[in-house]
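Every number in this note's numbering is 147 more than the matching position in the sequence shown, counting from 1.
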Amino acid sequence: MKLGKVEFCHFLQLIALVLCFSGMSQAELSRSSSKPYFQSGRPRTKRSWVWNQFFVLEEYMGSDPLYVGKLHSDVDKGDGSIKYILSGEGASSIFIIDENTGDIHATKRLDREEQAYYTLRAQALDRLTNKPVEPESEFVIKIQDINDNEPKFLDGPYTAGIPEMSPVGVIKTALPNMDREAKDQYLLVIQAKDMVGQNGGLSGTTSVTVTLTDVNDNPPRFPRRSYQYNVPESLPVASVVARIKAADADIGANAEMEYKIVDGDGLGVFKISVDKDTQEGIITIQKDLDFEAKTSYTLRIEAANKDADPRFLSLGPFSDTTTVKIIVEDVDEPPVFSSPLYPMEVSEATQVGNIIGTVAAHDPDSSNSPVRYSIDRNTDLERYFNIDANSGVITTAKSLDRETNAVHNITVLAMESQNPSQVGRGYVTIAILDINDNAPEFAMDYETTVCENAPPGQVIQKISAVDRDEPSNGHQFYFSLTTDATNNHNFSLKDNKDNTASILTRRNGFRRQEQSVYYLPIFIMDSGSPSLSSTNTLTIRVCDCDADGIAQTCNAEAYVLPAGLSTGALIAILACVLTLLVLILLIVTMRRRKKEPLIFDEERDIRENIVRYDDEGGGEEDTEAFDMAALRNLNVIRDTKTRRDVTPEIQFLSRPTFKSIPDNVIFREFIWERLKEADVDPCAPPYDSLQTYAFEGNGSVAESLSSLESISSNSDQNYDYLSDWGPRFKRLADMYGTGQETLYS
Numbered sequence: 148m149k150l151g152k153v154e155f156c157h158f159l160q161l162i163a164l165v166l167c168f169s170g171m172s173q174a175e176l177s178r179s180s181s182k183p184y185f186q187s188g189r190p191r192t193k194r195s196w197v198w199n200q201f202f203v204l205e206e207y208m209g210s211d212p213l214y215v216g217k218l219h220s221d222v223d224k225g226d227g228s229i230k231y232i233l234s235g236e237g238a239s240s241i242f243i244i245d246e247n248t249g250d251i252h253a254t255k256r257l258d259r260e261e262q263a264y265y266t267l268r269a270q271a272l273d274r275l276t277n278k279p280v281e282p283e284s285e286f287v288i289k290i291q292d293i294n295d296n297e298p299k300f301l302d303g304p305y306t307a308g309i310p311e312m313s314p315v316g317v318i319k320t321a322l323p324n325m326d327r328e329a330k331d332q333y334l335l336v337i338q339a340k341d342m343v344g345q346n347g348g349l350s351g352t353t354s355v356t357v358t359l360t361d362v363n364d365n366p367p368r369f370p371r372r373s374y375q376y377n378v379p380e381s382l383p384v385a386s387v388v389a390r391i392k393a394a395d396a397d398i399g400a401n402a403e404m405e406y407k408i409v410d411g412d413g414l415g416v417f418k419i420s421v422d423k424d425t426q427e428g429i430i431t432i433q434k435d436l437d438f439e440a441k442t443s444y445t446l447r448i449e450a451a452n453k454d455a456d457p458r459f460l461s462l463g464p465f466s467d468t469t470t471v472k473i474i475v476e477d478v479d480e481p482p483v484f485s486s487p488l489y490p491m492e493v494s495e496a497t498q499v500g501n502i503i504g505t506v507a508a509h510d511p512d513s514s515n516s517p518v519r520y521s522i523d524r525n526t527d528l529e530r531y532f533n534i535d536a537n538s539g540v541i542t543t544a545k546s547l548d549r550e551t552n553a554v555h556n557i558t559v560l561a562m563e564s565q566n567p568s569q570v571g572r573g574y575v576t577i578a579i580l581d582i583n584d585n586a587p588e589f590a591m592d593y594e595t596t597v598c599e600n601a602p603p604g605q606v607i608q609k610i611s612a613v614d615r616d617e618p619s620n621g622h623q624f625y626f627s628l629t630t631d632a633t634n635n636h637n638f639s640l641k642d643n644k645d646n647t648a649s650i651l652t653r654r655n656g657f658r659r660q661e662q663s664v665y666y667l668p669i670f671i672m673d674s675g676s677p678s679l680s681s682t683n684t685l686t687i688r689v690c691d692c693d694a695d696g697i698a699q700t701c702n703a704e705a706y707v708l709p710a711g712l713s714t715g716a717l718i719a720i721l722a723c724v725l726t727l728l729v730l731i732l733l734i735v736t737m738r739r740r741k742k743e744p745l746i747f748d749e750e751r752d753i754r755e756n757i758v759r760y761d762d763e764g765g766g767e768e769d770t771e772a773f774d775m776a777a778l779r780n781l782n783v784i785r786d787t788k789t790r791r792d793v794t795p796e797i798q799f800l801s802r803p804t805f806k807s808i809p810d811n812v813i814f815r816e817f818i819w820e821r822l823k824e825a826d827v828d829p830c831a832p833p834y835d836s837l838q839t840y841a842f843e844g845n846g847s848v849a850e851s852l853s854s855l856e857s858i859s860s861n862s863d864q865n866y867d868y869l870s871d872w873g874p875r876f877k878r879l880a881d882m883y884g885t886g887q888e889t890l891y892s
């Protein structure tokens with residue numbers, strides 16, 4: 148008979164009830180068959196309760212405590228005299244027991260994955276004596292599993308890579324030819340279900356990202372069949388002309404390409420290389436371009452993958468070609484010399500204005516503009532040479548000296564007549580040919596000595612010569628004594644025929660007392676054509692030598708006169724010294740005379756003194772810079788101006804107007820006013836100049852207190868204003884005041 152789902156569930160419940168009642172009957176039977184347990188002093192039978200384990204389902208979600216099982220002792224008569232105690236894992240915290248009935252309940256939700264079983268101990272005690280009536284019994288509460296955990300992927304999410312165009316793998320490809328260039332990544336969601344996928348089971352998911360890796364299945368292709376670039380002819384060698392790139396859908400090493408020029412008329416003029424970073428083909432110049440020679444070039448360029456995959460060769464050739472046309476543009480080029488270097492030679496004896504050589508340059512452009520020549524004077528600072536501006540003929544402008552400068556390297560400039568900014572440069576090397584124009588001379592300054600005891604024929608010096616000329620066959624010098632010295636009795640000369648000569652003594656012994664220095668003239672002649680000669684003087688000193696012939700001293704000895712100085716001579720010397728001392732004293736005395744006192748004669752007018760200022764100023768215009776008359780009488784000018792920033796003082800009507808201002812303020816105001824007048828004066832010199840102002844200030848506000856100007860002692864001049872000047876002028880007020888009353892309170 149086939150049961151439905153509902154009927155099947157009822158059938159399972161019925162079986163569970165039957166099993167439960169069967170277990171309880173067996174427990175009661177075992178308890179009833181056990182013998183009673185007696186405490187000390189009372190005989191009792193063997194243990195009457197044995198508890199193996201209880202079973203309880205995990206994840207109970209009910210509101211009441213979950214019933215686990217029941218403990219019961221056959222000693223318990225149901226009168227409440229026995230109490231049950233529970234101990235062990237989870238006792239009191241997870242599991243509780245009714246001490247009267249022995250029922251065990253779980254108070255918390257149990258999780259088998261956290262703890263699969265609990266070991267507890269049960270004790271039955273007499274409630275009155277609190278003594279055990281049964282031995283302590285150990286039992287296990289086992290947590291029964293339910294399907295409450297879904298499957299989990301431990302290492303997810305997952306990534307995987309598989310070459311494109313691959314055959315079936317573990318995760319099978321659904322398409323036979325998956326193309327990375329079309330789509331390079333796929334996201335898969337994997338689900339795992341327990342209970343073999345039946346209803347009520349749990350499931351878990353993870354993701355798998357599958358990336359298609361690249362293979363070289365795409366050939367390079369140029370986007371265009373032809374390219375054209377314009378290049379000026381002045382572009383230097385190694386310059387980049389163009390960059391081209393073939394497209395390749397592959398990436399990484401599968402997209403690496405090689406470029407080469409396979410055909411065209413610019414094989415030797417251009418070359419192509421690859422840029423490792425961008426995989427571009429870089430076209431550069433190998434030779435100079437010349438619009439007048441060739442106006443365009445055509446190149447056929449091929450691009451190919453470096454490493455082709457044999458599996459995909461059937462898709463077509465893994466290379467492509469394109470055509471590149473390069474148009475050469477004309478530019479205005481500077482003149483070009485017919486030779487990069489012009490070597491020339493000229494004798495140092497050539498006359499000024501003689502022709503040395505000729506340079507030639509032409510305009511390479513089609514216009515063929517005329518060329519004018521000049522010498523870059525930075526390469527010919529001394530202006531030894533000139534060049535004809537039209538013909539390019541180089542001539543000498545000054546006398547040449549090979550010994551001063553043997554080679555001249557000059558730069559010739561050639562510029563177009565129509566466009567002088569276009570300048571070409573040619574290089575000329577002028578070698579100066581040597582002539583015999585320098586006489587030979589001593590190779591060095593010789594310090595020759597001869598011993599007083601030198602024997603005849605002794606060599607005292609070996610000399611050589613130098614010549615600034617450089618004859619092609621080398622130097623050959625001839626040495627001899629001059630005609631005047633040939634017959635001397637002291638020294639002789641021997642020509643060694645090897646451009647050296649030896650000086651020998653001719654007599655026996657020399658005396659410094661007689662002559663301490665000898666001068667020997669030597670004649671030297673070279674082998675030039677014509678030959679040149681010179682006379683050089685050898686200085687020979689007579690010296691005192693030791694036994695080895697080494698000079699000790701060469702100074703002439705001082706000899707004491709046989710008779711001493713006379714008394715008259717000594718007196719004359721002393722008189723001269725005294726005379727000199729007297730003259731010195733007179734001079735010092737004249738310089739220390741007191742200066743003439745500054746007393747003015749009555750006939751001398753002080754106002755007409757001329758004061759000299761050693762100041763040249765700025766020239767003629769300097770006298771117009773300031774009004775010099777203002778320096779003579781400052782009060783005349785200053786009285787006409789009023790200070791707006793100073794409160795006017797109370798002035799005495801009987802006295803002139805003065806201002807009591809510190810001298811430094813007076814000087815500053817004076818200079819500032821002169822400066823402002825000079826700034827606005829159109830006739831002032833247009834440059835700064837140093838001026839000297841002989842200004843001594845305004846003087847005392849009391850002016851002169853002298854009585855020399857009074858006519859008599861009974862003068863009616865009023866000095867009462869002195870009383871307003873303060874205590875310092877009290878004595879003056881007493882002396883000059885007219886009133887008898889006291890001037891100061």
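Beta carbons are placed, not taken as given, at the ideal position from N, Cα and C, and that holds for glycine. Fair warning: this is a prediction, and the values are worked out from it, not measured in the lab.
Where K299 falls, given that 16 or more other Cβ within 10 Å makes a residue buried: In the sequence shown, residue 299 corresponds to position 152, counting from 1. By the 10 Å Cβ count, K299 comes out exposed.
Inter-residue spacing [alpha-carbon to alpha-carbon] between T543 and I577: For the purposes of this step, residue 543 is taken as residue 396 along the sequence shown, with counting starting at 1. For the purposes of this step, residue 577 is taken as residue 430 along the sequence shown, with counting starting at 1. I577 has its alpha-carbon roughly 11 angstroms from the corresponding atom of T543.
As assigned by DSSP and simplified to three states, the class of M879: Indexing the sequence shown from 1 puts residue 879 at position 732. Note that residue 879 corresponds to Leu in the displayed sequence, not to Met. Looking at L879 - three-state DSSP - the assignment turns out to be helix.
Chain-order list of residues whose beta-carbon lies under 7 angstroms from that of T647 (same chain, five-residue window excluded): Within the sequence shown, residue 647 is the residue found at index 500, counting from 1. Closer than 7 angstroms at Cβ, skipping near neighbours: K609, I610, S611.
Start-to-end residues for the beta strand (DSSP E) that takes in I244: Taking the first residue of the sequence shown as position 1, residue 244 is located at position 97. Segment 242-244, the beta strand (DSSP E) holding I244.
Given I669 as reference, the closest of S649, S676, F657 once Cα atoms are compared: Your numbering for residue 669 matches position 522 in the sequence shown. It is S649.
Residue of R259, G235, I697, L547 minimising C-alpha distance to Q270: Within the sequence shown, numbered from 1, the residue matching residue 270 stands at position 123. Q270 has its Cα closest to that of G235, out of R259, G235, I697, L547.
Local conformation of A716 per DSSP, three classes: The residue given as residue 716 occupies position 569 in the sequence shown. Helix at A716.
Three-state secondary structure assigned by DSSP to P874: The residue labelled residue 874 in the question sits at position 727 within the sequence shown. In this structure, DSSP gives P874 a helical state, which the three-state scheme calls helix.
Range of the contiguous beta strand (DSSP E) that encloses G351: In the sequence shown, residue 351 corresponds to position 204, counting from 1. Residues 350-360.
Short Cβ contact (9 angstroms threshold) for S466 with A451: Locating residue 466 in the sequence shown gives position 319, where the first residue counts as 1. Locating residue 451 in the sequence shown gives position 304, where the first residue counts as 1. Contact flag set, yes.
Cβ shell of D295 (< 6 angstroms), same chain only, five flanking positions each side left out: Stepping through the sequence shown from its first residue, residue 295 is reached at position 148. Hits under 6 angstroms: E206.
Buried versus exposed call for P367 [16 or more other C-beta atoms within 10 Å across all chains shown]: Locating residue 367 in the sequence shown gives position 220, counting from the first residue. Buried is the call here.
P457 in three-state terms, based on DSSP: The count along the sequence shown starts at 1 and reaches residue 457 at position 310. Looking at P457 - three-state DSSP - the assignment turns out to be helix.
Whether A536 touches S514 by CB criterion (9 angstroms): Here residue 536 refers to the residue found at position 389 when the sequence shown is read from its first residue. Here residue 514 refers to the residue found at position 367 when the sequence shown is read from its first residue. No, these two residues do not count as a Cβ contact at 9 angstroms.
Buried or exposed by the 16-neighbour rule on C-beta atoms within 10 Å, applied to D616: For this step, residue 616 is matched to residue 469 along the sequence shown. It is buried - the Cβ of D616 has at least 16 other Cβ atoms within 10 Å.
contact_flag[the stretch 434-450, the stretch 497-505] where n(CB pairs < 8 angstroms) is 3 or more: Segments in contact, no.
Cβ-based neighbour list, P310, same chain, cut-off 6 angstroms, excluding 5 preceding and 5 following: Looking up residue 310 in the sequence shown gives position 163. Excluding positions up to five away in sequence, the list reads T360, V362.
DSSP state of D467 mapped onto helix, strand, coil: For the purposes of this step, residue 467 is taken as the residue at position 320 of the sequence shown. Three-state result, D467: strand.
Close-in-space but distant-in-sequence residues of the same chain around L414 (CB under 7 angstroms, 5 per side omitted): The residue labelled residue 414 in the question sits at position 267 within the sequence shown. So the qualifying residues of the chain are I408.
Whole-angstrom C-beta distance between V483 and P511, which should lie under 8 angstroms: Within the sequence shown, numbered from 1, the residue matching residue 511 stands at position 364. Within the sequence shown, numbered from 1, the residue matching residue 483 stands at position 336. Rounded, the Cβ-Cβ distance is 5 angstroms, consistent with contact.
Those residues which DSSP pairs with L204 across a bridge: Your numbering for residue 204 matches position 57 in the sequence shown. Listed as beta-bridge partners of L204 by DSSP are Q291.
Residue interval of the beta strand (DSSP E) (run including Q262): In the sequence shown, residue 262 corresponds to position 115, counting from 1. Boundaries for Q262: no beta strand (DSSP E) harbours it, and the DSSP string shows neither H nor E there.
Cα-Cα separation, S494 to L580: As a working mapping, residue 494 is identified with position 347 in the sequence shown. As a working mapping, residue 580 is identified with position 433 in the sequence shown. Going from the Cα of S494 to the Cα of L580 covers about 4 angstroms.
Every unbroken beta strand (DSSP E) within the stretch 578-665, with a cutoff of 3 residues, ordered by chain: 595-598, 606-613, 625-628, 638-642, 647-652
Within the stretch 396-443, ranges of the beta strand (DSSP E) (whole runs, at least 3 residues): Counting only runs of 3 or more, we get 404-411, 417-421, 428-432.
Test item: CB-CB of Y665 and T686 under 9 angstroms: Taking the sequence shown and counting its residues from 1, one reaches residue 665 at position 518. Taking the sequence shown and counting its residues from 1, one reaches residue 686 at position 539. Taking 9 angstroms as the Cβ cut-off, Y665 and T686 qualify as a contacting pair.
First through last residue of the beta strand (DSSP E) which encompasses N683: In the sequence shown, counting from the first residue as 1, residue 683 sits at position 536. N683 -> beta strand (DSSP E) spans 680-692.
G428 vs I391 beta-carbon contact at 9 angstroms: Position 281 of the sequence shown, counting from 1, holds the residue named residue 428. Position 244 of the sequence shown, counting from 1, holds the residue named residue 391. Yes, the pair counts as a contact, with Cβ atoms nearer than the cut-off.
Distance between beta carbons of I671 and S681, contact taken as under 8 angstroms: Working through the sequence shown from its first residue, we reach residue 681 at position 534. Working through the sequence shown from its first residue, we reach residue 671 at position 524. Yes, they are in contact, since the Cβ atoms of S681 and I671 sit about 6 angstroms apart, within 8 angstroms.
Closest Cα partner of N247 within the set Y214, N525, G225: Counted from its first residue, the sequence shown places residue 247 at position 100. Checked all of Y214, N525, G225; the closest Cα to N247 is G225.
Three CB pairs or more closer than 8 angstroms across the stretch 346-359 and the stretch 380-399: no
Local Cβ density within 10 Å of A880, reported as buried at 16 or more and exposed below that: Looking up residue 880 in the sequence shown gives position 733. When all chains shown are included, A880 counts as buried.
Residues of its chain near V287, where Cβ-Cβ distance is below 8 angstroms and the 5 sequence neighbours each way are ignored: Here residue 287 refers to the residue found at position 140 of the sequence shown. A distance below 8 angstroms between beta-carbons, with the five flanking residues on each side excluded, links V287 to the following residues of its chain, in chain order: N199, Q200, F201, Y264, Y265, T266, L267.
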